[in-house]
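Trainee: For reference, the structure I am asking about is given below.
Chains as they are written, first to last, in this note's numbering: chain P, 1 to 187; chain A, 188 to 374.
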């Protein structure tokens, strides 16, 4: 069922979940593919609280770099979500998969085993490699690490990513890295 | 005609060309999209000689990281090519576009204006972001720069990419970075 999704190693998707009171949440997550699918989820996050409450998580495959920046560092607007048969999905997703979640608990970072329940493919595209897009993803990961660890090496890596975005990115990549830099500048 | 290909900023593809005597060649190239499509091509390369001779270039959109490593640093086997109506294309391409080329000459690095003539879409896929794949592309670019400039900073960047491939790549990404490292080790 999952082969056509191209999961291998760790794939970066945006996880959407919903709280018991019905509030949707989005955050980037790495889907680990090693025969089975799983994810490592920090237990102090809204994603973890929602998975624990609902036992569900949706993996959204997206190609808008801004969605990675916003969902990692800020909050996605409610406008970005749509409910599909009780599950929150991103309107901009090219495809999504609803997973049933089993939690292998750990005080800081839980392993969540992912069992696919339902999927939808909305857009198959031809994407040539864009180093600018890739650099936004890297910069987003380094930004989240910087916020936790405050190690200035991450700021250097973000600068390097920014150079690549300026050289190789499209408009959306440039908007996304600007948003990321603005956000870090306010920290 | 080109919109569905998602070209923006600079997109990394594999350019296939053919010499006057009929020998195909493959090399990664960046397609610059700024209203028109173009590429910067070093004049000491086989790609440039072939474009100058035939006024044609095919842009292959591929998702096999090994093809980037092999075509950038070594030579693709003849088995990887197929002729399509007189143009060399990669068998593994998800899509390709044949371009008519106009050269704006320059002693070291020419600008080649690309006019799309014909395209074929063979596979539309759902690719979640894989940082391992992206890191192979980065490492390949740094490897080609290292070979020219011998600046050891590129080796450090390649190490960083390798760490990402080991953590996030699938089998094919791991094979590709190993091939790259073996090649650099012999230099």
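The beta carbon of each residue, even a glycine, is placed where N, CA and C say it ideally should be.
Predicted, not measured: the structure shown is a model, and the values here were computed from it.
Taking CB distances under 8 Å as the criterion, tell me whether residue 294(A) reaches chain P.
Mentor: Not an interface residue.
Trainee: Determine whether the Cβ of residue 25(P) lies closer than 8 Å to any Cβ atom of chain A.
Mentor: Output row for residue 25(P): interface = no.
Trainee: In chain A, which residues lie less than 7 Å from residue 169(P) when you measure between Cβ atoms?
Mentor: Chain A residues near residue 169(P): 196.
Trainee: Please confirm if residue 314(A) has its CB atom under 8 Å from at least one CB of chain P.
Mentor: True, the Cβ-Cβ gap to chain P drops below 8 Å.
Trainee: Does any residue of chain P have a CB that is nearer than 8 Å to the CB of residue 307(A)?
Mentor: Output row for residue 307(A): interface = no.
Trainee: List the endpoints of the continuous alpha helix (DSSP H) containing residue 289(A).
Mentor: No alpha helix (DSSP H) holds residue 289(A); the beta strand (DSSP E) holding it covers 282-291.
Trainee: Taking three-plus beta-carbon pairs below 8 Å as touching, is the stretch 199-206 of chain A in contact with the stretch 215-224 of chain A?
Mentor: Flag = yes, the stretch 199-206 of chain A and the stretch 215-224 of chain A touch.
Trainee: Would you report the Cα separation of residue 345(A) and residue 325(A), rounded to the nearest angstrom?
Mentor: Computed Cα separation, rounded: 8 Å.
Trainee: If you drop the 5 nearest sequence neighbours on each side, which residues of the same chain put their C-beta closer than 7 Å to that of residue 318(A)?
Mentor: The residues are 351 and 355.
Trainee: State the Cα-Cα distance for the pair residue 67(P) and residue 135(P), rounded to the nearest angstrom.
Mentor: Cα to Cα, residue 67(P) sits roughly 14 Å from residue 135(P).
Trainee: Of all the residues that make up the stretch 82-115 of chain P, which are near chain A by a beta-carbon distance shorter than 7 Å?
Mentor: Going along the stretch 82-115 of chain P in chain order, one finds 94 and 95 with a Cβ nearer than 7 Å to chain A.
Trainee: Counting C-beta neighbours from all protein chains within 10 Å, is the total for residue 250(A) 16 or more, i.e. buried, or is it exposed?
Mentor: It is buried - the Cβ of residue 250(A) has at least 16 other Cβ atoms within 10 Å.
Trainee: Should residue 281(A) go down as buried or exposed, given a rule of 16 or more other Cβ atoms within 10 Å for buried?
Mentor: That one is buried.
Trainee: Mark residue 176(P) as exposed unless 16 or more other C-beta atoms lie within 10 angstroms of its C-beta, in which case mark it buried.
Mentor: Counting Cβ neighbours within 10 Å, residue 176(P) comes out buried, since at least 16 surround it.
Trainee: At a CB-CB cut-off below 9 Å, which residues of chain A make contact with residue 4(P)?
Mentor: Chain A residues near residue 4(P): 312 and 313.
Trainee: Apart from the five residues on each side of it in sequence, which residues of its chain come closer than 7 Å, Cβ to Cβ, to residue 295(A)?
Mentor: Contacts found: 229 and 230.
Trainee: Is the beta carbon of residue 239(A) sitting closer than 8 Å to the one on residue 300(A)?
Mentor: Taking 8 Å as the Cβ cut-off, residue 239(A) and residue 300(A) do not qualify as a contacting pair.
Trainee: Classify residue 309(A): buried if its beta carbon has 16 or more other beta carbons within 10 angstroms, exposed otherwise.
Mentor: Per the 10 Å Cβ criterion, exposed.
Trainee: Is it buried or exposed, residue 263(A), if we count other Cβ atoms within 10 angstroms and call 16 or more buried?
Mentor: Looking at its Cβ environment, which holds 16 or more other Cβ atoms inside 10 Å, residue 263(A) is buried.
Trainee: I'd like the span of the alpha helix (DSSP H) that includes residue 197(P), first residue to last.
Mentor: Absent from the structure is residue 197(P), since the part of chain P shown begins at 1 and ends at 187.
Trainee: For the candidate residues 241(A), 268(A) and 286(A), whose alpha-carbon lies nearest to that of residue 224(A)?
Mentor: Of 241(A), 268(A) and 286(A), the residue nearest in Cα terms is 286(A).
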